[in-house]
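Here the structure is laid out as structure tokens; the discussion comes afterwards.
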Amino acid sequence: MAGHAVERFLEMMAAERGASPRTLDAYRRDLADFAAHFGGDPADAATADLRAYLRRLHDRGFSPRTQARRLSALRQFFRFLQAEEDRADNPARLLDSPRLGRPLPKYLSEDEVGRLIAAAREKPGVHGLRTVALLEVLYATGLRVSELVGLPFSAIARDPEVLIVTGKGRKDRAVPLTEAARAALRTWREARAAWVKSQRGGQRWAFPGPGRSGHVTRDAVFKSLRDLAVRAGVPPAKVSPHVLRHSFASHLLAHGADLRAVQTMLGHADIATTQIYTHVLDDRLAALVATAHPLAKLGL
1 MAGHAVERFL EMMAAERGAS PRTLDAYRRD LADFAAHFGG DPADAATADL RAYLRRLHDR
61 GFSPRTQARR LSALRQFFRF LQAEEDRADN PARLLDSPRL GRPLPKYLSE DEVGRLIAAA
121 REKPGVHGLR TVALLEVLYA TGLRVSELVG LPFSAIARDP EVLIVTGKGR KDRAVPLTEA
181 ARAALRTWRE ARAAWVKSQR GGQRWAFPGP GRSGHVTRDA VFKSLRDLAV RAGVPPAKVS
241 PHVLRHSFAS HLLAHGADLR AVQTMLGHAD IATTQIYTHV LDDRLAALVA TAHPLAKLGL
């Protein structure tokens, strides 16, 4: 590799930062790739050289994440040279990192959710009734799993049409319940009364459990969903409480719900967080144009 500066940089990363051999190898490869592009000692590069390198990475099809990692390596390298007074400037300082973007949320199809609910209804006994109620409420409301397990009994005690949920930042929000969720809660309330009496605990919670908290745990909900997935023939790796939250939002939007309304029901403080679901809106708009545009109707 051109120049001794890179080796001194790697020695510093190992001695002062405790970088692992794998991390050092990654830095070495990234800086070697830049040196090959630059055609000289990377310590002599200017901002324009770095910008040209990033443009080349983009043209070669490297992901934004890889581009950002390599720029980070260059930033640290030139920061080291500045600290060592080998350079007066850091040519990477003013370069913007590539935008990574947010991955699209994973969600189940409506058929897959239906199969999970059907599998839950086949579970016997009080635990089966609790599972049905948990699943129906989760899919009907899009609650975070922490909000679901922490629901007080008072929230479901009077056959509510709307759940009052305390979310992040101790902020309350109202989330409507479907009739299917209300019916599952009515059945569960009857079974719950006898269960709580026999267990002598959990009176405070909508979904009591045997643990120290008194309510069903997040892990128990997660495991129950994975077990249902196996019964329903849905890949278990696809199923989690958060995936059902994504499914709730995606299915609402697919059926015409307003993004602001979904934001409110999910408890997102910022509409930008809800905009991860805009892929659903894009699909809906494309379908709308395909079916409703006058030229589409004429087959033109």
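Per the UniProt record's numbering, the sequence shown starts with residue 1, numbered consecutively.
Just so it is clear, CB atoms sit at the ideal spot from N, CA and C, and this is done for glycine as well.
In this text the structure is predicted, and so the values were computed from the model without any measurement.
By the criterion of at least three beta-carbon pairs nearer than 8 Å, the segment 185 to 194 is not in contact with the segment 236 to 250. Taken through DSSP and simplified to helix, strand or coil, A120 comes out as helix. With the rule of 3 Cβ pairs closer than 8 Å, the segment 67 to 76 does not count as touching the segment 110 to 118.
Of D227, F80 and M12, the smallest CA-CA separation from A92 is found for F80. In the DSSP assignment, D25 falls within the alpha helix (DSSP H) that extends over P21 to F38. A residue is called buried when at least 16 other Cβ atoms come within 10 angstroms of its Cβ; T141 meets this threshold and is buried.
With a 10 Å radius around the Cβ and a threshold of 16 neighbouring Cβ atoms, T274 comes out buried. By the 16-neighbour rule on beta-carbons within 10 angstroms, H215 is buried. Per the coordinates, the alpha-carbon of I156 lies some 12 Å from the alpha-carbon of R192. Taking 8 Å as the cut-off, the Cβ atoms of G209 and A194 do not count as close. DSSP places I164 outside any alpha helix (DSSP H); the residue lies instead in the beta strand (DSSP E), whose first and last residues are V162 to T166. Secondary structure note for A174: its beta strand (DSSP E) is the uninterrupted segment D172 to P176. Around the CB of E147, 16 or more other CB atoms lie within 10 Å, so the residue is classed as buried. For H251, DSSP records no beta bridge to any residue. Nearest C-alpha to R55 among D227, A19, T23 and D96: D96.
Ranked by how close their Cα comes to the Cα of A206, the residues K123, H251, A118 and R130 have R130 in first place. Between S250 and Y277, the gap from beta carbon to beta carbon is short of 8 Å.
Contact between D172 and V162 does not hold, since their C-beta atoms are separated by about 11 Å, which reaches or exceeds 8 Å.
C-alpha of D258 to C-alpha of S63: approximately 33 Å in a straight line. Under the three-state reduction of DSSP output, P208 falls in the strand class.
Taking all protein chains in view, the Cβ of A88 is surrounded by fewer than 16 other Cβ atoms within 10 Å, so the residue is classified as exposed. As a beta-bridge residue in DSSP terms, P152 pairs with W205.
If you draw a straight line from the Cα of R231 to the Cα of P152, it is about 30 Å long. Remark: C-beta atoms of M13 and Y27 approach each other more closely than 8 Å.
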